[in-house]
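J.:
Residue numbers (full-length UniProt numbering): 1 to 326.
(1) With a threshold of 8 Å, are at least 3 pairs of Cβ atoms found where one atom belongs to the stretch 14-30 and the other to the stretch 114-128?
(2) Please determine, among 49, 37, 56, the residue with the shortest C-alpha to C-alpha distance to residue 68.
(3) What first and last residue would you give for the beta strand (DSSP E) that runs through residue 240?
(4) Decide if residue 256 is buried, meaning its Cβ has at least 16 other Cβ atoms within 10 Å, or exposed.
(5) Note down the Cα distance separating residue 267 from residue 296, rounded to an integer number of angstroms.
(6) Hey, is the stretch 238-253 in contact with the stretch 95-111, meaning 3+ C-beta pairs nearer than 8 Å?
(7) Under a Cβ-count criterion, where at least 16 other Cβ atoms within 10 Å of its own Cβ denotes burial, should residue 132 be classed as buried or exposed?
(8) Measuring only the C-alpha atoms, how far is residue 321 from residue 293?
(9) May I ask you to list the residues that DSSP assigns as paired with residue 279?
(10) Can you tell me whether DSSP reads residue 293 as helix, strand or coil?
(11) In the DSSP output, what is residue 284 paired with across the bridge?
(12) Quick test of your reading: residue 80 and residue 207, contact by CB under 8 Å. State the CB separation rounded to the nearest angstrom.
(13) So, under 8 Å CB-CB, residue 134 and residue 164 are touching, yes? Tell me the CB distance rounded to an integer number of Å.
(14) Can you list, in chain order, the residues of its chain with a C-beta nearer than 7 Å to that of residue 107? Leave out the 5 residues immediately preceding and following it.
(15) Residues in the same chain with beta-carbon distance under 7 Å from residue 310, minus the five sequence neighbours each way, listed in chain order, please.
The following block contains the structure:
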């Protein structure tokens with residue numbers, strides 16, 4: 001078990017294989033899900049798990065899977081993930097609400113386990129589950145047999161409680177929070193719409209690599225060219241961003257797209273970090289998307305593009321001041 005520091009709850013233990021569990025946990029309260037994005041709806045589930053565990057003086061447990069089950073059972077329907085494994089674990093940890101996080105390997109053999117067996121042999125015998133907190137539409141096990149109806153039936157038989165919270169809706173929004181909805185808005189470039197659902201700015205990560213060396217030399221605005229790790233990238237365009245680097249957190253302007261002014265037709269993600277001159281080649285950085293400034297556009301030449309970038313930077317600085325990010 002690997003410990004990760006959390007908030008007021010002390011440490012959260014990460015379990016990556018069933019073989020690491022030597023004995024059932026004390027009065028385990030469990031939630032199960034893919035939890036892609038670890039958004040505010042997910043955190044609300046974790047809070048209910050924590051509250052029920054505290055009332056039982058028990059253990060708050062979350063179970064998720066790697067890879068995403070659709071990668072194994074329906075790869076043609078596999079969504080681009082909002083959060084990859086590393087960030088997902090960080091966000092679970094940051095919630096400060098869980099005692100145990102299980103990130104279990106998912107394969108064909110695991111997918112074939114009947115839901116009743118999973119409940120009896122794993123959740124009850126191995127984990128020691130006394131209550132389960134589960135979203136209204138979540139199902140698990142072979143052919144998604146592990147739905148609320150089955151859980152409630154087996155709960156009466158085996159003596160565990162089933163808690164089904166309602167949907168979480170962000171303030172001033174009609175749509176409920178869902179990973180699907182977050183993918184939609186981020187994919188369209190509406191990164192501001194993702195914030196009230198995620199509870200944070202949407203983030204991508206990657207390594208700074210050598211680009212085409214045009215930002216500083218031709219345009220006067222040096223950029224860090226990013227080799228993305230993430231699967232879900234905002235739509236082409238220009239964004240006000242914050243950038244987390246080994247040198248600290250900074251503000252910047254990111255461009256996503258195909259550089260139509262240069263007719264490259266090569267997709268890139270590059271960021272001009274404001275008031276920054278350090279060398280980041282080979283370093284891992286994180287880009288948080290604050291607001292979309294404009295769509296990608298072909299300009300008449302380098303001078304026109306350079307003038308527009310200057311305008312983008314001025315507008316980005318205004319946004320950072322409005323949002324108190326500087």
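No residue lacks a Cβ here, since even glycine has one placed at the ideal position from N, Cα and C.
T.: The structure says:
(1) With a cut-off of 8 Å, the stretch 114-128 and the stretch 14-30 count as touching, because enough Cβ pairs lie within range.
(2) Residue mapping note: residue 68 aligns to position 68 of the chain shown, counting from 1. The shortest CA-to-CA distance from residue 68 to any of 49, 37, 56 is the one to 37.
(3) The sequence position of residue 240 within the chain shown is 240, counting from 1. Bounds of the beta strand (DSSP E) holding residue 240 are 237-245.
(4) In the chain shown, the residue the question calls residue 256 occupies position 256. Classified as buried, residue 256 has 16 or more neighbouring CB atoms from the shown chains inside 10 Å of its CB.
(5) Counting from 1 along the chain shown, the entry for residue 267 is found at position 267. Counting from 1 along the chain shown, the entry for residue 296 is found at position 296. The straight-line gap from Cα to Cα measures roughly 12 Å.
(6) No, the stretch 238-253 does not touch the stretch 95-111.
(7) Within the chain shown, numbered from 1, the residue matching residue 132 stands at position 132. Buried, because 16 or more other Cβ atoms sit within 10 Å of the Cβ of residue 132.
(8) Here residue 321 refers to the residue found at position 321 when the chain shown is read from its first residue. Here residue 293 refers to the residue found at position 293 when the chain shown is read from its first residue. Residue 321 and residue 293 have their C-alpha atoms spaced approximately 15 Å apart.
(9) Reading the chain shown from its first residue, position 279 is the one you call residue 279. In DSSP, residue 279 forms no bridge with anything.
(10) Residue 293 sits at position 293 when you count from the first residue of the chain shown. When DSSP states are grouped into helix, strand and coil, residue 293 belongs to the strand group.
(11) In the chain shown, residue 284 corresponds to position 284, counting from 1. Residue pairing from DSSP places residue 284 in a beta bridge opposite 207.
(12) As a first step, residue 80 must be located in the chain shown, where it is residue number 80. As a first step, residue 207 must be located in the chain shown, where it is residue number 207. Between residue 207 and residue 80 the Cβ distance is about 19 Å, and since that is not below 8 Å, they are no contact.
(13) Along the chain shown, one-based indexing puts residue 134 at 134. Along the chain shown, one-based indexing puts residue 164 at 164. Contact holds; Cβ gap of about 6 Å.
(14) The count along the chain shown starts at 1 and reaches residue 107 at position 107. If we look at residue 107 and ignore the five residues flanking it on each side, its Cβ neighbours are 72.
(15) On the chain shown, residue 310 is found 310 positions in, with the first residue counted as 1. Correct list: empty, nothing qualifies.
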